[in-house]
Amino acid sequence: MHTPTCERVTGSWTASEAVVFATRQLREAGIESPGLDARLLVGAALGLRAEQLIARPDLPVGPEAQKTIEGYLNRRLAHEPVSRILGSRGFYGRMFEISPATLDPRPETETLIEAALGLVNERKSDPAKPIRILDIGTGSGCLLITLLAELPNSIGLGTDISVEALEIARRNALKHAVKSRAEFRLARSLEGIAGPFDLVVANPPYIPTGDIEGLAPEVRDFDPRSALDGGVDGLDVYREIAKNLVRVVPEGWAIFEVGAGQATAVAKILDECRVETARPQIRTFRDLLGVDRCVAWKARS
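Note that our numbering has the sequence shown beginning at 14, numbered continuously upward.
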């Protein structure tokens, strides 16, 4: 399939003219939210925030900035997400560095943060004792770092199978001033993880292998395959984690993001994680669109 490229521009631009040009290029190529993307890309090329860009419509765009804008547009026309182009994504009110080694955080994943904070607030424990958090498959570290920032009395471990992703997570922890309470370790699933933890969070790969080719190119071509591919039915990693869940979080909660329509199947897998014959407590949490987005498990009800 032919990938469109932006028109070459002769002459000079003002900031507003650059936004109009970029919006038209993206709209004609069928890119979603062309106006928003144009403002973000032009603003980044000029070193301006959105409100500054609006306030300075007549700002001249120099040759180097124009070249940068054209490069950004060509990448967006090839369906590279704006967050990938700029190397960062907003999540729960904070900006996180991302890279080709990390999943691009999604707004619906904030449901997991809300669920975790709510469950932590329910717990009855010594307030002087730190909350121990494990983030499986940490990627950019957005889940663990957000929870550490929101819960000052917490410490955490983030694991990943990618050395490159762990480096990004460490930089994000430093940026958000939680580095002293965060550890990052190369590990797959719960291999070599001793525990116990009070809270486990995970956004595992949950796309069925056969569905990946049908994903939007922004996801299929730019997120790491290892962060998407959940096996034939999308549930392989949940099964893998479930084998050692009771050992790692014997008293607290484990919370998982799930794909649309997967909550019941994941709950069934987690229902088999039991201490002796005690049936676990399982809850589901919906995202803002009303989709069952997270499943939470606790060993004892």
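For glycine and all other residues, C-beta sits at the position ideal for the given N, C-alpha and C.
Asked                                                                                                                                                          : Found
Can you tell me the Cβ-Cβ gap for P218 and A240, rounded? I've got them flagged as a contact below 8 Å.                                                        : 5 Å
Whole angstroms are fine: how far does the CA of T27 sit from the CA of D242?                                                                                  : 44 Å
Can you list, in chain order, the residues of its chain whose CB lies under 7 Å from that of A114, leaving out five sequence neighbours each side?             : S175, E177, A178, I181, P237
Quick one: what's A291 bridged to in DSSP?                                                                                                                     : V288
Run through DSSP, which three-state label would E264 get?                                                                                                      : coil
Please look up how many angstroms separate the CB atoms of Y85 and I98, rounded, as I've assumed it's under 8 Å.                                               : 6 Å
Contact between the region 219-227 and the region 154-163: three or more CB pairs below 8 Å?                                                                   : no
Within its chain, find whatever has a CB closer than 6 Å to the CB of E196; leave out the 5 residues flanking it on each side and keep chain order.            : L170
Please classify L228: is it buried, with 16 or more other beta-carbons within 10 angstroms of its beta-carbon, or exposed?                                     : exposed
Less than 9 Å between the beta carbons of F298 and C286, yes or no?                                                                                            : no
Can you find the residues in the same chain that come closer than 8 Å, C-beta to C-beta, to S96, ignoring five residues on each side of it along the sequence? : R102, I111, D117
With respect to the alpha helix (DSSP H) encompassing A178, which residues constitute its N-terminal and C-terminal limits?                                    : 176-188
Rounded to whole angstroms, what's the CA-CA distance from R233 to L90? Just pull it up for me.                                                                : 15 Å
List the endpoints of the continuous alpha helix (DSSP H) containing F34.                                                                                      : 28-41
Is K256 closer than 9 Å to L212 when the C-beta atoms are compared?                                                                                            : no
Flag T81 as yes if its beta-carbon sits less than 9 Å from any beta-carbon of chain D, otherwise no.                                                           : Of the protein chains in the structure, only one exists, and it is not chain D.
Thinking C-beta only, is A42 closer than 9 Å to R107?                                                                                                          : no
Just checking my contact of S29 with P70 at CB under 8 Å: how many whole Å lie between their CB atoms?                                                         : 4 Å
Would you mind listing the beta strand (DSSP E) stretches within the region 234-281 that are 3+ residues and don't spill past its ends, in chain order?        : 266-270
Less than 9 Å between the beta carbons of Q294 and K281, yes or no?                                                                                            : no
Restricting to runs no shorter than 4 residues, where is the alpha helix (DSSP H) found entirely within the region 37-72?                                      : 47-59, 63-68
Report the partner residues of A200 according to the DSSP bridge assignment.                                                                                   : For A200, which the question treats as bridged, DSSP gives no partner whatsoever.
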